[in-house]
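Following numbering that gives the first Met the number 0, the numbering of the sequence shown begins with 0 at its first residue and continues without gaps.
Idealized CB from N, CA, C, for every residue including glycine.
Have a look at the structure below before the remarks.
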Amino acid sequence: MDQLTEMLVEQLRDAFSAEKQAIQGMKRSMRKVTDPKLREGIEAHIEQSETQRERVEQALSSLEARPGRKVCEAMRGLVEEAQHEQEEQDKGPLLDLVTIAALQRVEHYEIAAYGTMNELARALGKTEVADLMAQTLEEEKAQDQRLTEVTRSSVLPAAMQAGEEEGSDEESGHKRSARKGSAKH
0 MDQLTEMLVE QLRDAFSAEK QAIQGMKRSM RKVTDPKLRE GIEAHIEQSE TQRERVEQAL
60 SSLEARPGRK VCEAMRGLVE EAQHEQEEQD KGPLLDLVTI AALQRVEHYE IAAYGTMNEL
120 ARALGKTEVA DLMAQTLEEE KAQDQRLTEV TRSSVLPAAM QAGEEEGSDE ESGHKRSARK
180 GSAKH
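Here it is as structure tokens:
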């Protein structure tokens, strides 16, 4: 196997690990979100990611390689960061917004990875692998767009309303405290 094909195999192994970790992260996130559209979208993307992982395995098989035990460190970091950010939020619109931001970071990473593998496979004449990666690349782009649409249509407006209500509560509390303080004088 030449050096570039070996590089492609390593990229595919990395993608296999990334999909596996992303699926686990999405399952955890799905239990935390409150927006029904977001929950449905995550659930559908978990199923799609399972298919994408199978495609990566098929691509590896066509190159006479196996997934191996490689761990995608980039995805590990993205998933861990998402968990930390989610832990800092109470359940509700702000948590949903944080979750979407984390999911879109994952999508953008995957778009870059599948785009690179598609181009490398095409340059190497590995048409089957290139076609599999191109299919997944288009799905990842579509998922990113769906997340943007859910953000605009429901999650961001709800988060903004929650933020305004919280700010209003804090203002009222501050004014009450100020009045109490002035009544003592």
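Locate the alpha helix (DSSP H) running through R27, then write down its first and last residues. Here the question's residue 27 lines up with position 28 in the sequence shown. Unbroken alpha helix (DSSP H) run through R27: Q2 to K31.
Just the Cα atoms here: how many angstroms apart are L11 and V55? Position 12 of the sequence shown, counted from the first residue, corresponds to residue 11. Position 56 of the sequence shown, counted from the first residue, corresponds to residue 55. Answer to the nearest angstrom: the Cα atoms are 6 Å apart.
Between the C-alpha atoms of L136 and T50, what's the straight-line distance to the nearest angstrom? The residue you call residue 136 lines up with position 137 of the sequence shown. The residue you call residue 50 lines up with position 51 of the sequence shown. Each residue's alpha carbon lies about 13 Å from the other.
Would you grab the beta carbon distance between D130 and Q103 for me? Rounded to a whole angstrom, and I think it's under 8 Å. As a first step, residue 130 must be located in the sequence shown, where it is residue number 131. As a first step, residue 103 must be located in the sequence shown, where it is residue number 104. Between D130 and Q103 a beta carbon distance of about 26 Å is seen, past the 8 Å cut, so the two are scored as non-contacting.
Beta carbon of L146, beta carbon of I110: below 8 Å? Taking the sequence shown and counting its residues from 1, one reaches residue 146 at position 147. Taking the sequence shown and counting its residues from 1, one reaches residue 110 at position 111. It is not a contact, given that the beta carbons lie outside the stated cut-off.
Contact set for K140: own chain, Cβ-Cβ below 7 Å, skip 5 residues either direction: Position 141 of the sequence shown, counted from the first residue, corresponds to residue 140. Correct list, in chain order: I110.
Put L123 into one of helix, strand or coil per three-state DSSP. Here residue 123 corresponds to residue number 124 of the sequence shown, with the count starting at 1. It is coil, neither helix nor strand.
Backbone secondary structure at V70 - three-state DSSP: What you label residue 70 is simply residue 71 of the sequence shown in a count that begins at 1. Residue state, collapsed to three classes: coil.
Count the other CB atoms within 10 Å of the CB of H44; is the residue buried (16 or more) or exposed (fewer)? Sequence index remark: in the sequence shown, residue 44 carries index 45 (1-based). Flag for H44 reads buried.
Go to R38, then tell me how far its alpha helix (DSSP H) extends in each direction, as first and last residue. Looking up residue 38 in the sequence shown gives position 39. Note, R38: alpha helix (DSSP H), P35 to S61.
Counting Cβ pairs closer than 8 Å, one from the region 85 to 97 and one from the region 17 to 26, do we hit at least three? By the criterion of at least three beta-carbon pairs nearer than 8 Å, the region 85 to 97 is not in contact with the region 17 to 26.
Classify K140 as helix, strand or coil using the three-state DSSP reduction. Position 141 of the sequence shown, counted from the first residue, corresponds to residue 140. Three-state result, K140: helix.
Residues of its chain near L154, where Cβ-Cβ distance is below 7 Å and the 5 sequence neighbours each way are ignored: In the sequence shown, counting from the first residue as 1, residue 154 sits at position 155. Sequence check: residue 154 is Val here, not Leu. Around V154: D34, L37, P92, D95, L96 and I99.
If we count the other Cβ atoms within 10 Å of its Cβ and call it buried at 16 or more, is G24 buried or exposed? Along the sequence shown, one-based indexing puts residue 24 at 25. By the 10 Å Cβ count, G24 comes out buried.
Minimum C-alpha distance to S61 - residue among E138, L7 and E164: Stepping through the sequence shown from its first residue, residue 61 is reached at position 62. The residue from E138, L7 and E164 with its alpha-carbon nearest to that of S61 is L7.
Is it right to say K174 is buried, meaning 16 or more other beta carbons lie within 10 angstroms of its own, or is it exposed? By 1-based counting over the sequence shown, the position of residue 174 is 175. Its pLDDT being 41, under 50, K174 is placed unreliably by the model, and the measurement read from it follows with that caveat. Of the residues assessed, K174 falls on the exposed side of the cut-off, its CB having fewer than 16 other CB atoms within 10 angstroms.
Taking 6 Å as the limit between beta carbons, can you name the residues of its chain near M0, skipping five residues before and five after? Within the sequence shown, the letter at position 1 stands for residue 0. None.
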